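S.K.: The numbers in UniProt numbering rise by one with no breaks, and the one at position 86 of the sequence shown is 86.
Each residue gets a CB set at the ideal place from its N, CA and C atoms; glycine is no exception.
Quick caveat: nothing in here was measured; it's all calculated off a predicted structure.
One structure follows; several queries about it will come next.
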Amino acid sequence: MLSREWIDSRQAAEVLGLTRSQAVWLARRGRIPAEQRDGRWVFDAAHVRADAAERRGWVSWREAADLADCTEHALWEAVAAGHVEQRTGRGPSLRRDSVLAWARSRRVRGIVRTPRQGCTPGAGPTT
Numbered sequence: 001m002l003s004r005e006w007i008d009s010r011q012a013a014e015v016l017g018l019t020r021s022q023a024v025w026l027a028r029r030g031r032i033p034a035e036q037r038d039g040r041w042v043f044d045a046a047h048v049r050a051d052a053a054e055r056r057g058w059v060s061w062r063e064a065a066d067l068a069d070c071t072e073h074a075l076w077e078a079v080a081a082g083h084v085e086q087r088t089g090r091g092p093s094l095r096r097d098s099v100l101a102w103a104r105s106r107r108v109r110g111i112v113r114t115p116r117q118g119c120t121p122g123a124g125p126t127t
């Protein structure tokens, strides 16, 4: 039987892009396989890497707006129309690849961001 590779909370937090407290919070709630040994948390390294890979596929609304060069309101409309995938209840909530695909389709259609109007068809680039 193969033995598991265990990493400490500092290493887990680094891989996940979180603080140590956030990594321990996930462990306490059973969201990442971990155990307490001698009062310290240790994490299953393979599960931490898999969770980190999954997390990279999702972005926050602000990150998505930056990726798409658009307002959060325009993203909300895209989610409502089914163009951008959203998840609820767990971390960053918009799927990165759906945001990027939507942003590409907007550029093809000539929709760009203007400072006050959000995303407007035919508007020129902002400065």
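Between residue 72 and residue 61, is the Cβ-Cβ spacing less than 8 Å?
M.R.: yes
S.K.: For residue 38, does the three-state DSSP call read helix, strand or coil?
M.R.: Looking at residue 38 - three-state DSSP - the assignment turns out to be coil, as it is neither helix nor strand.
S.K.: Select from 103, 12, 88 the residue whose C-alpha is nearest the C-alpha of residue 75.
M.R.: 103
S.K.: Give the straight-line distance between the Cα atoms of residue 17 and residue 52, rounded to the nearest whole angstrom.
M.R.: Roughly 8 Å between the two C-alpha positions.
S.K.: Thinking just about the alpha-carbon of each residue, which of 3, 14, 42, 111 is nearest to the one in residue 69?
M.R.: 111
S.K.: Residue ranges of each beta strand (DSSP E) run of no fewer than 3 residues wholly in the segment 16-92, ordered along the chain?
M.R.: You should have 34-37, 40-44.
S.K.: How far does the alpha helix (DSSP H) with residue 165 in it extend, from its first residue to its last?
M.R.: This structure cannot speak to residue 165, because the chain is shown only from 1 to 127.
S.K.: Give the C-beta separation of residue 34 and residue 27 to the nearest angstrom, bearing in mind that I take them to be a contact with Cβ-Cβ under 8 Å.
M.R.: 4 Å
S.K.: Please confirm whether residue 20 and residue 13 have their CB atoms less than 8 Å apart.
M.R.: yes
S.K.: Answer with buried or exposed for residue 106, where buried requires no fewer than 16 other C-beta atoms within 10 angstroms of its C-beta.
M.R.: With 16 or more other Cβ atoms within 10 Å, it is buried.
S.K.: Taking a contact to mean a Cβ-Cβ separation below 8 Å, would you say residue 99 touches residue 67 in this structure?
M.R.: yes
S.K.: Sort 95, 24, 10, 77 by Cα distance to residue 63 and report the nearest one.
M.R.: 95
S.K.: Nearest by alpha-carbon distance to residue 39: which of 87, 9, 97 is it?
M.R.: Cα-wise, what sits closest to residue 39 is 9.
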